[in-house]
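For the sequence shown, the numbering used here gives the first residue as 6, with consecutive numbering after it.
For glycine and all other residues, C-beta sits at the position ideal for the given N, C-alpha and C.
Source: prediction; values computed, not measured.
Notes follow once the structure below has been shown.
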Amino acid sequence: MSEDKNALAKQIRENMELASNQMKQNIEMASNQMKQNIEMTAAMTRYFNLMGGTLNNEVNAAIENAKNEMMASAEKVKNEMMASVEKVKNEMMASVEKVKDSFWKNK
Numbered sequence: 006m007s008e009d010k011n012a013l014a015k016q017i018r019e020n021m022e023l024a025s026n027q028m029k030q031n032i033e034m035a036s037n038q039m040k041q042n043i044e045m046t047a048a049m050t051r052y053f054n055l056m057g058g059t060l061n062n063e064v065n066a067a068i069e070n071a072k073n074e075m076m077a078s079a080e081k082v083k084n085e086m087m088a089s090v091e092k093v094k095n096e097m098m099a100s101v102e103k104v105k106d107s108f109w110k111n112k
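See the structure below:
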């Protein structure tokens, strides 16, 4: 019985770890895509301003500042999401242990 309990709990923990890692990979990929889109948008904006003859140091600085703010915001959101995934994973792992102990204790 004890072996069954430990094997089931181990499998649940492994599945939660896999799910957590997959979520983190998805967050990382989404964050990288956002950053690439920000870079592309800034480059396109600079190009259109250059073609329109409005590109000057002030405009270029404003575009760069906006890009940097968006990049920092994207990184902050990514970090918050990663921390949230880790927190949920840890809470679920603790719950598995409580349920496992409770379930097998009553058998």
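CA nearest to the CA of residue i, picked from the options
i: Asn84; options: Asn37, Asn62, Ile17, Met49; result: Asn37
i: Gln41; options: Lys92, Met75, Gln16, Ala66; result: Met75
i: Ala67; options: Glu33, Ala48, Ala35; result: Ala48
i: Met39; options: Asn95, Lys103, Ala79, Glu96; result: Ala79
i: Thr50; options: Val101, Glu102, Lys72; result: Lys72
i: Asn161; options: Asp106, Ser107, Asn95, Lys103; result: The question about residue 161 has no answer here: the residues shown for the chain are numbered 6 through 112.
The segment 13-25 contacting the segment 88-105, beta-carbon criterion three pairs below 8 Å:
yes
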